[in-house]
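Residue numbers (my numbering), protein chains in the order written: chain W, 1 to 261; chain G, 1001 to 1164.
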C-alpha cells in the first residue's frame, strides 16, 4: 500500500488470488479463487444464512422471520408496482439480485481493516456488475421476444409517432435500449468505486497530515476524519440505494418486456 | 485502476465465480427458499384479511341483533305500559265504587246517630221542662200560697227557657 510514504487509494480494488489458486483454470480460462471470489462467496453465504432464518414459516413471525419476509415483501411490492400482478414470477430473480448486490456493497464497507483484513467490494468491478447487468438485460430480451415475438420491436416506436418520425425514432429508442446494460452495470461500479476511493483518499489525508506535523494532523487530519464519518454513513446509504436502483431498473425494464406499452 | 489494469488476467475468474455464486443465490435461495418465505407471508395476509372479514360479518350480525332487540324491547315496553294503564284505571274505578258505598253507609249511620242524639236531647229538654214546671209551681205555692195550674207553670217555664 505504502509506496515511499504515499497511499494508493486504488490498491483496495486490486484482485489477488488467494490460497495459491493462481493457476486454477477451466479450459484455457483462469479461474483463480481471488479475494473478489471470496467476497462473492461470503455474500452468498450470508444471504443464505439470512434467508434460512426466515424459513420457520410461523404464522406469527419472530424478528428474523419478520426481517426476511420484509425483504421479500419489499421486492414483491416493487415488482407489483412496476409490472403488475404478472411481476410476481420475477420475485426470485429480483430478490436474489437485490440482496446479492446489497450484501456485496455492505460487506465491502465493513471496517475489517481494523483487524488487519482487507475488505473487498466486488461490485466496484465492472466485470462483476457487467455480468449482472447483462443477465438482467438478457432476461428482458428473452421475456420480450418470448411473449411478443417480433412485435417486441414496437417497443422502439412509441404510440402516436408520426409516420415520418418512425424510422429516426426507432433508431433513437434502439440506442437508448441498447445502452441499458451499460448504464445498469456502470452505475453500480462507478458509485461503489467513487465512494471507496473517496474514503481512502480522506484516510490518506488523515495519515499523511498526522505524519507531517502535529498541527497539520490536528487541523487537516481531524477535519478529514470528521468528513470520513459522514461519508461512511453516506456510503452505507449509497450501498442500499445502488442495490435498490439496480433492482428497480431491472423491474422497469422487465415491465417493458412483460407489458410492452 | 486495477479494474482496467487487471482485466485481462482476472475477467474469467470474476465471471466464473460470479456466475457460480449468483447461480447458487438464484437457484438455491431465490427459487428454493424465497417462494416459501413469500408463501408464508401471503398465507398470513390471506388469513388476516379472512379473519377481518369474519369479524366484520360478526359485527354486522351483532348490530342486526341489537336492532332486533331494540324493537322488541320497545314493543314490550309499550305493551307493559298499556297493561299498567288499564289496571290502574280499573283499580281506580273499583275503589271509587267502594268509596261511594262506604260514603253512603257512613252517611246513613251519621243520620241515624244524629236522629238518636236529637231524640235524646228532646227527651232531656222535656224532662227539664217538667222538672222546672214542678219546681216553679212549688215556688209559687210557697211564696204566694196560690196553687198555680199545671199549664200556667209549664207556659212560664217555656217562656223562660226560650228567653234563656
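Every residue gets a Cβ at the ideal spot worked out from N, C-alpha and C, and that includes glycine.
Between the beta-carbon of residue 79 of chain W and the beta-carbon of residue 155 of chain W, is there less than 8 Å? Along the first chain, read from residue 1 onward, the residue named residue 79 of chain W stands at position 79. Along the first chain, read from residue 1 onward, the residue named residue 155 of chain W stands at position 155. No.
Could you work out which residue in W:27, W:132 and W:252 is closest to residue 1026 of chain G when comparing CA atoms only?
Your numbering for residue 1026 of chain G matches position 26 in the second chain. When each option's Cα is compared against that of residue 1026 of chain G, the closest is W:132.
Using a beta-carbon distance below 8 Å, is residue 64 of chain W in contact with chain G? In the first chain, counting from the first residue as 1, residue 64 of chain W sits at position 64. Closer than 8 Å: no.
**Prompt:** residue 233 of chain W: which of W:247, W:195 and W:203 sits nearest, CA to CA?
**Reply:** Translated into positions along the first chain, residue 233 of chain W becomes position 233. Nearest of W:247, W:195 and W:203 to residue 233 of chain W, Cα basis: W:195.
Checklist entry - Short check: CB of residue 55 of chain W to CB of residue 1033 of chain G, under 8 Å? => result Mapped onto the first chain, residue 55 of chain W falls at position 55. Mapped onto the second chain, residue 1033 of chain G falls at position 33. Cβ distance < 8 Å, so residue 55 of chain W and residue 1033 of chain G count as in contact.
Taking the DSSP output, what are the residues bridged to residue 17 of chain W? To locate residue 17 of chain W, count along the first chain from 1; it is residue 17. Bridge partners of residue 17 of chain W: W:34.
### Task
Could you say if the segment 89–101 of chain W and the segment 43–62 of chain W meet the contact criterion of at least three C-beta pairs nearer than 8 Å?
yes
- Query: Does DSSP classify residue 59 of chain W as helix, strand or coil?
  - Reply: The residue you call residue 59 of chain W lines up with position 59 of the first chain. Coil at residue 59 of chain W, not helix or strand.
Q: Can you give me the Cβ contacts of residue 248 of chain W inside the same chain, cut-off strictly under 8 Å, excluding the 5 residues immediately before and after it?
A: As a working note, residue 248 of chain W is residue 248 in the first chain. Counting only Cβ-Cβ distances below 8 Å, and skipping sequence neighbours, we find 78 and 82.
Proximity of residue 1140 of chain G and residue 1148 of chain G at Cβ, strictly below 8 Å: Against the second chain, residue 1140 of chain G aligns to sequence position 140. Against the second chain, residue 1148 of chain G aligns to sequence position 148. Contact flag set, yes.
_Going by DSSP in three states, residue 227 of chain W sits in which element: helix, strand or coil?_
Position 227 of the first chain, counting from 1, holds the residue named residue 227 of chain W. If DSSP states are grouped into helix, strand and coil, residue 227 of chain W belongs with the helices.
query = By the 10 Å Cβ neighbour count, where 16 or more other Cβ atoms means buried, how is residue 189 of chain W classified, buried or exposed?
reply = Here the question's residue 189 of chain W lines up with position 189 in the first chain. By the neighbour-count rule (16 or more Cβ atoms within 10 Å), residue 189 of chain W is buried.
**Prompt:** Looking only at DSSP bridge pairs, what is residue 26 of chain W linked to?
**Reply:** Against the first chain, residue 26 of chain W aligns to sequence position 26. For residue 26 of chain W, which the question treats as bridged, DSSP gives the partners W:29.
Item to complete: Look at the alpha carbon of residue 217 of chain W and the alpha carbon of residue 238 of chain W, and state the distance between them as a whole number of angstroms.
Response: Here residue 217 of chain W refers to the residue found at position 217 of the first chain. Here residue 238 of chain W refers to the residue found at position 238 of the first chain. Taking the straight line joining both Cα atoms gives about 29 Å.
Margin query: Here's the rule: buried if 16 or more other CB atoms are within 10 angstroms of the residue's CB, otherwise exposed. What is residue 193 of chain W?
Written below: Residue numbering aside, residue 193 of chain W sits at position 193 when the first chain is read from its first letter. When all chains shown are included, residue 193 of chain W counts as buried.
- Nearest-angstrom Cα distance between residue 118 of chain W and residue 65 of chain W? Position 118 of the first chain, counted from the first residue, corresponds to residue 118 of chain W. Position 65 of the first chain, counted from the first residue, corresponds to residue 65 of chain W. Taking the straight line joining both Cα atoms gives about 32 Å.
Straight-line Cα distance separating residue 1037 of chain G from residue 1065 of chain G: Walking along the second chain from the start, residue 1065 of chain G turns up at place 65. Walking along the second chain from the start, residue 1037 of chain G turns up at place 37. Cα to Cα, the separation comes out at about 42 Å.
key: Within chain W, partners of residue 1084 of chain G - CB distance below 7 Å   = Counting from one through the second chain, the residue named residue 1084 of chain G turns up at place 84. Within chain W, no residue comes near residue 1084 of chain G; the closest Cβ sits about 57 Å away, beyond 7 Å.
Item to complete: Use the C-beta contact count for residue 40 of chain W: other C-beta atoms within 10 angstroms, 16 or more gives buried, fewer gives exposed.
Response: Your numbering for residue 40 of chain W matches position 40 in the first chain. Residue 40 of chain W is buried by the Cβ-count criterion.
What does the alpha-carbon distance come out to for the pair residue 1028 of chain G and residue 1022 of chain G? Translated into positions along the second chain, residue 1028 of chain G becomes position 28. Translated into positions along the second chain, residue 1022 of chain G becomes position 22. Looking at the two C-alpha atoms, the distance is approximately 10 Å.
Could you round the C-beta distance between residue 1002 of chain G and residue 14 of chain W to whole angstroms and report it? I think they count as a contact, below 8 Å.
Translated into positions along the second chain, residue 1002 of chain G becomes position 2. Translated into positions along the first chain, residue 14 of chain W becomes position 14. With 8 Å as the limit, residue 1002 of chain G and residue 14 of chain W qualify as a contact, their Cβ atoms being about 4 Å apart.
Review point. Within 8 Å (strictly less), CB to CB, does residue 140 of chain W reach chain G?
Key: Taking the first chain and counting its residues from 1, one reaches residue 140 of chain W at position 140. False, the Cβ-Cβ gap to chain G never drops below 8 Å.
Start and end of the alpha helix (DSSP H) containing residue 181 of chain W?
-> Position 181 of the first chain holds residue 181 of chain W. From DSSP, the alpha helix (DSSP H) with residue 181 of chain W extends over 163–212.
inquiry  = Does any residue of chain W have a CB that is nearer than 8 Å to the CB of residue 1049 of chain G?
reply    = What you label residue 1049 of chain G is simply residue 49 of the second chain in a count that begins at 1. Residue 1049 of chain G does not count as touching chain W.
- Query: Which chain W residues are close to residue 1031 of chain G, counting only those with a beta carbon under 8 Å from its beta carbon?
  - Reply: Residue 1031 of chain G sits at position 31 when you count from the first residue of the second chain. Per Cβ cutoff of 8 Å: 92.
Which value, in whole angstroms, describes the spacing of the CA atoms of residue 215 of chain W and residue 122 of chain W? What you label residue 215 of chain W is simply residue 215 of the first chain in a count that begins at 1. What you label residue 122 of chain W is simply residue 122 of the first chain in a count that begins at 1. Between residue 215 of chain W and residue 122 of chain W, the C-alpha separation is close to 38 Å.
Discussion item. Would you say residue 146 of chain W lies against chain G (beta-carbon separation less than 8 Å)?
Written reply: Residue numbering aside, residue 146 of chain W sits at position 146 when the first chain is read from its first letter. No, because no Cβ of chain G sits closer than 8 Å to the Cβ of residue 146 of chain W.
Below 8 Å between beta carbons: does that hold for residue 137 of chain W and residue 187 of chain W? Along the first chain, one-based indexing puts residue 137 of chain W at 137. Along the first chain, one-based indexing puts residue 187 of chain W at 187. Taking 8 Å as the Cβ cut-off, residue 137 of chain W and residue 187 of chain W do not qualify as a contacting pair.
Can you confirm whether residue 1019 of chain G, when its beta carbon is compared against all beta carbons of chain W, has any partner nearer than 8 Å? Against the second chain, residue 1019 of chain G aligns to sequence position 19. Chain W contact via Cβ: present.
First and last residue of the uninterrupted alpha helix (DSSP H) at residue 1098 of chain G: Counted from its first residue, the second chain places residue 1098 of chain G at position 98. Segment 1034–1144, the alpha helix (DSSP H) holding residue 1098 of chain G.
#### Entry: Selection of the segment 45–75 of chain W by Cβ proximity to chain G, strictly under 7 Å
47, 48, 51, 54, 55, 57, 59, 68, 69, 72 and 73
Self-check item: 8 Å Cβ cutoff, residue 1069 of chain G in contact with chain B
Solution: Included in the structure are the protein chains W and G, with no chain B among them.
- request: Would you list, in sequence order, the uninterrupted alpha helix (DSSP H) runs of no fewer than 4 residues that lie entirely inside the segment 82–166 of chain W?
  value: 91–109 and 126–148
Let's test the definition: count the other Cβ atoms within 10 Å of the Cβ of residue 1048 of chain G and tell me whether it reaches 16, buried, or not, exposed.
Counted from its first residue, the second chain places residue 1048 of chain G at position 48. Residue 1048 of chain G comes out exposed.
Task: residue 1006 of chain G in three-state terms, based on DSSP - done: Looking up residue 1006 of chain G in the second chain gives position 6. Coil, per DSSP.
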